[in-house]
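Asks:
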Amino acid sequence: MLPLLVIAGAAAWYIGDLLGTAKEAIRNISTDEEEKGETTVVPPEQSVREQPIAMLVMGLDTREKIGGMNTDVLMAAAFDPEKKRAVVVTIPRDSRIDVEGYSTRKANAYYANFYSAARNKGRDAKEADLQARREVKELFGKFFGIPIDYTAKINFKGFSDIVDALGGIEVYVDQDMRYKDVAGGTDINLKKGFQKLNGDQALDFVRYRQSNAGTRQSSDLERNRRQSEVIGALTDRLMSLGSLTKLDDVIKAVGNNLSIDMPSSEIERMIAVYFGIRRSDITFIQLDGKWRSPYMHLDEAKLEEAKAALREIMAPRLAQREATGR
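Numbering-wise, the sequence shown is residues 1 to 326 according to my numbering.
(1) Checking 7 angstroms against the spacing of the C-beta atoms, do residue 306 and residue 277 come in under that value?
(2) Taking all protein chains shown into account, do 16 or more other C-beta atoms lie within 10 angstroms of the C-beta of residue 217, making it buried, or fewer, making it exposed?
(3) Tell me which same chain residues have a C-beta within less than 6 angstroms of the C-beta of residue 96, skipping the five on either side of it?
(4) Closer than 8 angstroms is the cut-off here; do at least three beta carbon pairs connect the stretch 75-93 with the stretch 49-63?
(5) If we call anything under 7 angstroms between Cβ atoms a contact, is residue 204 one with residue 192?
(6) Under DSSP, the alpha helix (DSSP H) around residue 320 begins and ends at which residues?
(7) Assess contact between the stretch 221-241 and the stretch 121-137, defined as three or more Cβ pairs (one per stretch) separated by less than 8 angstroms. Is contact present?
(8) Report yes or no: do three or more beta-carbon pairs, one from the stretch 146-154 and one from the stretch 163-179, lie closer than 8 angstroms?
(9) Are there three or more Cβ pairs, one per stretch, closer than 8 angstroms when the stretch 261-279 is compared with the stretch 39-50?
(10) What first and last residue would you give for the beta strand (DSSP E) that runs through residue 327?
(11) Pull up the distance between the alpha-carbon of residue 106 and that of residue 93, whole angstroms please.
(12) Between residue 224 and residue 155, how many whole angstroms is the CB-CB distance? I'm expecting something under 8 angstroms.
(13) DSSP beta-bridge partners for residue 178?
(14) Assign residue 296 to one of three DSSP states: helix, strand, or coil.
(15) Tell me the rounded alpha-carbon separation between residue 146 and residue 32.
(16) Cβ atoms of residue 87 and residue 310: under 7 angstroms apart, would you say?
(17) Do residue 160 and residue 199 come within 7 angstroms of each other at the CB atom, strictly closer than that value?
(18) Going by beta carbon distance, what residues of the same chain come within less than 6 angstroms of residue 10, once the five residues before and after it are set aside?
(19) Rounded to the nearest angstrom, what separates residue 267 and residue 188 at their Cα positions?
(20) Out of curiosity, what's the CA-to-CA distance linking residue 73 and residue 324?
(21) Taking Cβ to Cβ, would you say residue 25 is nearer than 7 angstroms to residue 165?
(22) Please go through the same chain and pick out, in chain order, the residues whose beta-carbon is closer than 7 angstroms to the beta-carbon of residue 317, but skip the five residues on each side of it.
(23) Comparing alpha-carbon positions, which option in 236, 195, 127 lies nearest residue 174?
(24) Applying the 10 Å Cβ sphere with the 16-neighbour rule, what's the burial state of residue 108?
(25) For residue 179, which residues from the same chain have a beta carbon less than 7 angstroms from its beta carbon, with the 5 sequence-adjacent residues on both sides left out?
(26) With a threshold of 8 angstroms on Cβ separation, who are the neighbours of residue 202 within its own chain once the five nearest residues in sequence on each side are excluded?
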(Lines of atoms letter the chains of each structure in order from A and count residues from 1; the text may use other names and numbers.)
(Lines give C-alpha, C1' and ligand atoms only; values in the text may rest on other atoms or scores of the structure.)
Protein backbone atom coordinates (compact mmCIF):
# COMPACT_ATOMS: atom_id res chain seq x y z
CA MET A 1 0.00 0.00 0.00
CA LEU A 2 2.77 2.37 -0.85
CA PRO A 3 0.64 5.19 -2.30
CA LEU A 4 -0.74 5.91 1.17
CA LEU A 5 2.73 5.54 2.68
CA VAL A 6 4.29 7.93 0.18
CA ILE A 7 1.69 10.43 1.27
CA ALA A 8 2.27 9.57 4.91
CA GLY A 9 5.98 9.99 4.40
CA ALA A 10 5.44 13.29 2.59
CA ALA A 11 3.48 14.78 5.45
CA ALA A 12 5.96 13.46 7.98
CA TRP A 13 9.12 14.39 6.10
CA TYR A 14 7.86 17.90 5.45
CA ILE A 15 8.12 18.59 9.21
CA GLY A 16 10.68 15.88 9.87
CA ASP A 17 13.66 18.12 10.60
CA LEU A 18 11.69 19.65 13.44
CA LEU A 19 11.24 16.23 14.95
CA GLY A 20 14.71 14.93 14.16
CA THR A 21 13.41 11.53 13.07
CA ALA A 22 12.49 11.64 9.37
CA LYS A 23 15.88 11.16 7.73
CA GLU A 24 16.74 8.22 9.96
CA ALA A 25 13.39 6.60 9.14
CA ILE A 26 14.00 7.08 5.43
CA ARG A 27 17.41 5.43 5.69
CA ASN A 28 15.75 2.50 7.46
CA ILE A 29 13.12 2.24 4.71
CA SER A 30 15.63 2.07 1.85
CA THR A 31 17.17 -1.30 0.98
CA ASP A 32 19.52 0.31 -1.56
CA GLU A 33 22.58 0.30 0.69
CA GLU A 34 21.93 -3.30 1.71
CA GLU A 35 22.12 -4.34 -1.92
CA LYS A 36 25.09 -2.27 -3.11
CA GLY A 37 26.95 -1.42 0.09
CA GLU A 38 26.61 2.28 -0.72
CA THR A 39 23.92 4.76 -1.68
CA THR A 40 23.20 4.96 -5.41
CA VAL A 41 23.66 8.44 -6.89
CA VAL A 42 20.86 9.20 -9.36
CA PRO A 43 21.63 11.87 -12.01
CA PRO A 44 19.31 14.89 -11.63
CA GLU A 45 17.75 14.39 -15.07
CA GLN A 46 16.77 10.83 -14.09
CA SER A 47 15.46 11.73 -10.66
CA VAL A 48 11.89 11.21 -9.50
CA ARG A 49 11.63 15.00 -9.59
CA GLU A 50 11.97 14.93 -13.37
CA GLN A 51 10.90 11.47 -14.53
CA PRO A 52 7.77 9.39 -13.92
CA ILE A 53 8.35 6.15 -12.05
CA ALA A 54 6.46 2.91 -11.50
CA MET A 55 6.39 0.74 -8.40
CA LEU A 56 5.06 -2.65 -7.49
CA VAL A 57 3.48 -2.54 -4.04
CA MET A 58 3.35 -5.77 -2.03
CA GLY A 59 1.52 -6.29 1.25
CA LEU A 60 2.56 -9.35 3.26
CA ASP A 61 0.83 -10.78 6.29
CA THR A 62 3.74 -11.32 8.65
CA ARG A 63 1.71 -12.04 11.77
CA GLU A 64 3.37 -14.90 13.64
CA LYS A 65 0.45 -17.36 13.57
CA ILE A 66 -0.51 -17.06 9.90
CA GLY A 67 2.20 -15.11 8.15
CA GLY A 68 3.78 -16.24 4.91
CA MET A 69 5.58 -14.99 1.83
CA ASN A 70 2.58 -14.71 -0.49
CA THR A 71 1.61 -11.13 -1.30
CA ASP A 72 -1.91 -10.72 0.06
CA VAL A 73 -2.11 -7.20 -1.40
CA LEU A 74 -0.61 -6.39 -4.80
CA MET A 75 -0.72 -3.06 -6.63
CA ALA A 76 1.06 -1.44 -9.56
CA ALA A 77 1.45 2.32 -9.15
CA ALA A 78 2.81 4.97 -11.51
CA PHE A 79 3.66 8.53 -10.44
CA ASP A 80 3.78 11.66 -12.63
CA PRO A 81 5.93 14.46 -11.13
CA GLU A 82 4.91 17.09 -13.69
CA LYS A 83 1.18 16.93 -12.91
CA LYS A 84 1.62 15.52 -9.41
CA ARG A 85 -0.75 12.62 -9.97
CA ALA A 86 -0.74 8.84 -9.68
CA VAL A 87 -2.42 5.76 -11.10
CA VAL A 88 -2.88 2.78 -8.78
CA VAL A 89 -3.92 -0.59 -10.23
CA THR A 90 -5.08 -3.23 -7.77
CA ILE A 91 -4.38 -6.81 -8.84
CA PRO A 92 -6.57 -9.62 -7.43
CA ARG A 93 -4.24 -11.98 -5.63
CA ASP A 94 -5.56 -15.08 -7.45
CA SER A 95 -5.17 -13.52 -10.92
CA ARG A 96 -3.76 -15.85 -13.55
CA ILE A 97 -0.55 -14.30 -14.85
CA ASP A 98 0.82 -15.46 -18.20
CA VAL A 99 4.15 -13.91 -19.20
CA GLU A 100 6.48 -15.44 -21.77
CA GLY A 101 9.46 -17.07 -20.12
CA TYR A 102 7.75 -17.55 -16.74
CA SER A 103 5.62 -20.29 -15.26
CA THR A 104 1.90 -19.50 -15.06
CA ARG A 105 1.00 -18.75 -11.44
CA LYS A 106 -1.35 -16.75 -9.29
CA ALA A 107 -0.24 -13.13 -9.02
CA ASN A 108 0.40 -13.40 -5.29
CA ALA A 109 2.71 -16.43 -5.62
CA TYR A 110 5.58 -14.98 -7.66
CA TYR A 111 7.46 -13.12 -4.95
CA ALA A 112 7.26 -16.17 -2.67
CA ASN A 113 8.52 -18.49 -5.41
CA PHE A 114 11.39 -16.20 -6.38
CA TYR A 115 12.33 -15.81 -2.72
CA SER A 116 12.25 -19.57 -2.07
CA ALA A 117 14.33 -20.27 -5.17
CA ALA A 118 17.00 -17.83 -3.99
CA ARG A 119 17.04 -19.33 -0.50
CA ASN A 120 17.39 -22.82 -1.97
CA LYS A 121 20.51 -21.59 -3.77
CA GLY A 122 22.09 -20.69 -0.44
CA ARG A 123 21.34 -16.98 -0.27
CA ASP A 124 20.51 -15.46 3.09
CA ALA A 125 17.16 -13.79 3.79
CA LYS A 126 18.21 -10.28 2.75
CA GLU A 127 19.88 -11.46 -0.45
CA ALA A 128 16.86 -13.62 -1.30
CA ASP A 129 14.50 -10.69 -0.75
CA LEU A 130 16.52 -8.43 -3.03
CA GLN A 131 16.70 -11.12 -5.73
CA ALA A 132 12.95 -11.76 -5.50
CA ARG A 133 12.28 -8.04 -5.83
CA ARG A 134 14.41 -7.81 -8.99
CA GLU A 135 12.63 -10.73 -10.59
CA VAL A 136 9.12 -9.64 -9.65
CA LYS A 137 9.80 -6.16 -11.11
CA GLU A 138 10.88 -7.70 -14.38
CA LEU A 139 7.90 -10.05 -14.50
CA PHE A 140 5.19 -7.46 -13.83
CA GLY A 141 6.99 -4.91 -15.98
CA LYS A 142 6.58 -7.28 -18.91
CA PHE A 143 2.97 -7.99 -17.89
CA PHE A 144 1.96 -4.31 -17.92
CA GLY A 145 4.32 -3.21 -20.69
CA ILE A 146 6.15 -0.58 -18.62
CA PRO A 147 9.47 -0.38 -16.79
CA ILE A 148 8.89 -1.00 -13.08
CA ASP A 149 11.60 0.79 -11.20
CA TYR A 150 11.02 -0.12 -7.58
CA THR A 151 9.20 -2.42 -5.21
CA ALA A 152 7.69 -1.48 -1.88
CA LYS A 153 6.95 -4.10 0.73
CA ILE A 154 4.79 -3.43 3.76
CA ASN A 155 3.61 -5.78 6.45
CA PHE A 156 0.08 -5.62 7.78
CA LYS A 157 1.23 -4.68 11.26
CA GLY A 158 2.62 -1.52 9.72
CA PHE A 159 -0.67 -0.71 8.04
CA SER A 160 -2.50 -1.05 11.35
CA ASP A 161 0.10 1.06 13.16
CA ILE A 162 -0.19 3.86 10.60
CA VAL A 163 -3.97 4.03 10.94
CA ASP A 164 -3.61 4.19 14.72
CA ALA A 165 -0.91 6.87 14.43
CA LEU A 166 -3.40 8.95 12.46
CA GLY A 167 -6.07 8.53 15.11
CA GLY A 168 -8.19 6.21 12.96
CA ILE A 169 -10.00 6.68 9.64
CA GLU A 170 -13.64 7.18 8.66
CA VAL A 171 -15.10 4.80 6.07
CA TYR A 172 -18.42 3.27 5.09
CA VAL A 173 -18.47 -0.43 5.97
CA ASP A 174 -20.56 -1.89 3.16
CA GLN A 175 -21.84 -4.97 5.02
CA ASP A 176 -21.78 -6.80 8.34
CA MET A 177 -18.49 -8.69 8.64
CA ARG A 178 -17.92 -11.55 11.06
CA TYR A 179 -15.14 -14.12 10.92
CA LYS A 180 -13.24 -15.80 13.73
CA ASP A 181 -10.20 -18.04 13.41
CA VAL A 182 -8.59 -18.76 16.77
CA ALA A 183 -5.66 -20.65 15.25
CA GLY A 184 -4.88 -17.79 12.87
CA GLY A 185 -5.48 -15.04 15.41
CA THR A 186 -8.29 -13.46 13.38
CA ASP A 187 -11.44 -12.03 14.96
CA ILE A 188 -13.33 -9.77 12.53
CA ASN A 189 -16.51 -8.20 13.85
CA LEU A 190 -17.71 -5.11 11.97
CA LYS A 191 -21.21 -3.74 11.49
CA LYS A 192 -22.52 -2.11 8.33
CA GLY A 193 -22.50 1.68 8.27
CA PHE A 194 -20.34 4.80 8.26
CA GLN A 195 -17.91 4.72 11.17
CA LYS A 196 -14.44 5.44 12.48
CA LEU A 197 -12.08 2.46 12.48
CA ASN A 198 -8.89 1.93 14.45
CA GLY A 199 -5.87 0.18 12.95
CA ASP A 200 -6.94 -3.40 13.62
CA GLN A 201 -10.49 -2.70 12.44
CA ALA A 202 -9.24 -1.03 9.25
CA LEU A 203 -7.07 -4.08 8.57
CA ASP A 204 -10.10 -6.33 9.14
CA PHE A 205 -12.11 -4.16 6.74
CA VAL A 206 -9.62 -4.48 3.86
CA ARG A 207 -8.88 -8.18 4.47
CA TYR A 208 -12.38 -9.55 5.08
CA ARG A 209 -13.30 -12.35 2.71
CA GLN A 210 -14.46 -15.50 4.52
CA SER A 211 -17.31 -15.78 7.02
CA ASN A 212 -18.15 -18.47 9.55
CA ALA A 213 -20.83 -16.61 11.51
CA GLY A 214 -23.69 -16.01 9.09
CA THR A 215 -22.48 -12.83 7.39
CA ARG A 216 -22.02 -12.64 3.63
CA GLN A 217 -18.61 -13.56 2.26
CA SER A 218 -16.64 -11.14 0.08
CA SER A 219 -14.76 -11.60 -3.17
CA ASP A 220 -11.21 -10.46 -3.86
CA LEU A 221 -12.70 -7.77 -6.10
CA GLU A 222 -14.66 -6.35 -3.18
CA ARG A 223 -11.50 -6.45 -1.07
CA ASN A 224 -9.63 -4.51 -3.73
CA ARG A 225 -12.36 -1.86 -3.78
CA ARG A 226 -12.11 -1.52 -0.01
CA GLN A 227 -8.33 -1.15 -0.23
CA SER A 228 -8.79 1.77 -2.62
CA GLU A 229 -11.39 3.32 -0.32
CA VAL A 230 -9.04 3.07 2.65
CA ILE A 231 -6.17 4.66 0.70
CA GLY A 232 -8.49 7.57 -0.08
CA ALA A 233 -9.55 7.87 3.56
CA LEU A 234 -5.92 7.82 4.70
CA THR A 235 -5.06 10.51 2.16
CA ASP A 236 -7.83 12.75 3.49
CA ARG A 237 -6.77 12.12 7.07
CA LEU A 238 -3.13 12.87 6.38
CA MET A 239 -3.92 16.13 4.66
CA SER A 240 -5.99 17.25 7.66
CA LEU A 241 -3.31 16.55 10.26
CA GLY A 242 -1.94 19.41 12.30
CA SER A 243 -0.26 17.61 15.18
CA LEU A 244 3.51 17.12 15.28
CA THR A 245 3.04 14.28 17.74
CA LYS A 246 0.85 12.36 15.29
CA LEU A 247 3.31 13.01 12.46
CA ASP A 248 6.13 11.64 14.61
CA ASP A 249 4.05 8.51 15.23
CA VAL A 250 3.45 8.15 11.48
CA ILE A 251 7.18 8.41 10.80
CA LYS A 252 7.91 5.61 13.25
CA ALA A 253 5.14 3.40 11.88
CA VAL A 254 6.38 3.88 8.31
CA GLY A 255 10.05 3.38 9.19
CA ASN A 256 9.51 0.14 11.08
CA ASN A 257 7.22 -1.58 8.61
CA LEU A 258 8.07 -0.51 5.06
CA SER A 259 11.02 -1.29 2.80
CA ILE A 260 11.66 0.16 -0.66
CA ASP A 261 14.51 -0.72 -3.02
CA MET A 262 15.02 2.98 -3.79
CA PRO A 263 17.99 5.16 -2.78
CA SER A 264 17.20 7.15 0.34
CA SER A 265 17.90 10.42 -1.48
CA GLU A 266 15.27 9.51 -4.06
CA ILE A 267 12.75 8.63 -1.35
CA GLU A 268 13.27 12.11 0.09
CA ARG A 269 12.81 13.71 -3.33
CA MET A 270 9.74 11.64 -4.08
CA ILE A 271 7.87 12.46 -0.92
CA ALA A 272 8.79 16.14 -1.36
CA VAL A 273 7.41 16.15 -4.92
CA TYR A 274 4.15 14.45 -3.96
CA PHE A 275 3.54 16.35 -0.75
CA GLY A 276 -0.05 17.62 -0.82
CA ILE A 277 -1.35 15.03 -3.28
CA ARG A 278 -5.11 14.67 -2.89
CA ARG A 279 -7.49 11.78 -3.28
CA SER A 280 -8.70 13.35 -6.53
CA ASP A 281 -5.14 13.22 -7.90
CA ILE A 282 -5.04 9.41 -7.62
CA THR A 283 -6.78 7.29 -10.25
CA PHE A 284 -7.73 3.87 -8.88
CA ILE A 285 -8.28 1.01 -11.31
CA GLN A 286 -9.40 -2.35 -9.98
CA LEU A 287 -8.73 -5.32 -12.22
CA ASP A 288 -11.59 -7.80 -12.28
CA GLY A 289 -12.55 -10.98 -14.06
CA LYS A 290 -14.22 -14.34 -13.65
CA TRP A 291 -13.28 -17.16 -11.33
CA ARG A 292 -12.45 -20.47 -12.97
CA SER A 293 -10.62 -22.60 -10.44
CA PRO A 294 -7.86 -22.22 -9.49
CA TYR A 295 -7.49 -18.74 -11.02
CA MET A 296 -9.18 -15.40 -11.45
CA HIS A 297 -9.17 -14.92 -15.22
CA LEU A 298 -8.82 -11.19 -15.76
CA ASP A 299 -11.20 -9.21 -17.94
CA GLU A 300 -9.15 -8.23 -20.99
CA ALA A 301 -10.89 -4.88 -21.50
CA LYS A 302 -10.26 -3.84 -17.90
CA LEU A 303 -6.66 -5.03 -18.12
CA GLU A 304 -6.10 -2.97 -21.26
CA GLU A 305 -7.62 0.07 -19.52
CA ALA A 306 -5.14 -0.38 -16.67
CA LYS A 307 -2.19 -0.85 -19.02
CA ALA A 308 -3.17 2.28 -20.97
CA ALA A 309 -3.43 4.38 -17.80
CA LEU A 310 -0.03 3.21 -16.56
CA ARG A 311 1.55 3.76 -19.96
CA GLU A 312 0.13 7.28 -20.17
CA ILE A 313 1.91 8.19 -16.94
CA MET A 314 5.09 6.45 -18.11
CA ALA A 315 4.97 7.83 -21.69
CA PRO A 316 8.17 9.92 -21.43
CA ARG A 317 10.09 6.89 -20.18
CA LEU A 318 8.63 4.63 -22.85
CA ALA A 319 9.57 7.13 -25.57
CA GLN A 320 13.08 7.33 -24.15
CA ARG A 321 13.37 3.54 -24.09
CA GLU A 322 12.20 3.30 -27.69
CA ALA A 323 14.71 5.94 -28.79
CA THR A 324 17.70 4.53 -26.92
CA GLY A 325 16.81 0.85 -26.68
CA ARG A 326 17.17 1.02 -22.87
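Quick reminder that beta carbons are idealized off the backbone N, C-alpha and C, glycines included.
Replies: Working from what's here:
(1) no
(2) Exposed is the label assigned to residue 217, since fewer than 16 other Cβ atoms lie within 10 Å of its Cβ.
(3) Close CB contacts of residue 96 within its chain, under the 6 angstroms cut and outside five residues either way in sequence, are with 295, 297 (chain order).
(4) yes
(5) Not in contact: residue 204 and residue 192 (Cβ atoms no closer than 7 angstroms).
(6) For residue 320, the uninterrupted alpha helix (DSSP H) segment begins and ends at 315-324.
(7) no
(8) no
(9) By the Cβ rule, the stretch 261-279 counts as touching the stretch 39-50, because three or more pairs are nearer than 8 angstroms.
(10) Here the chain covers residues 1 to 326 and nothing more, so residue 327 does not appear.
(11) Taking the straight line joining both Cα atoms gives about 7 angstroms.
(12) About 19 angstroms; that fails the 8 angstroms criterion.
(13) Per DSSP, 189.
(14) In the three-state scheme derived from DSSP, where H, G and I count as helix and E and B as strand, residue 296 is classed as strand.
(15) 22 angstroms
(16) yes
(17) yes
(18) Per-residue confidence for residue 10 stands at a pLDDT of 49, beneath the threshold of 50, marking its modelled position as unreliable; the derived number appears in the next sentence. Here the set comprises 271, 274, 275.
(19) CA-CA distance, residue 267 to residue 188, rounds to 35 angstroms.
(20) 34 angstroms
(21) no
(22) Here residue 317 has 51, 52, 147 as same chain residues with Cβ atoms under 7 angstroms from its own Cβ, once five neighbours each way along the sequence are excluded.
(23) 195
(24) With 16 or more Cβ atoms within 10 Å of its Cβ, residue 108 is classed as buried.
(25) 186, 188, 208, 210, 211, 212, 213
(26) Cβ neighbours of residue 202 beyond the five flanking positions: 159, 160, 163, 168, 169, 171, 230.
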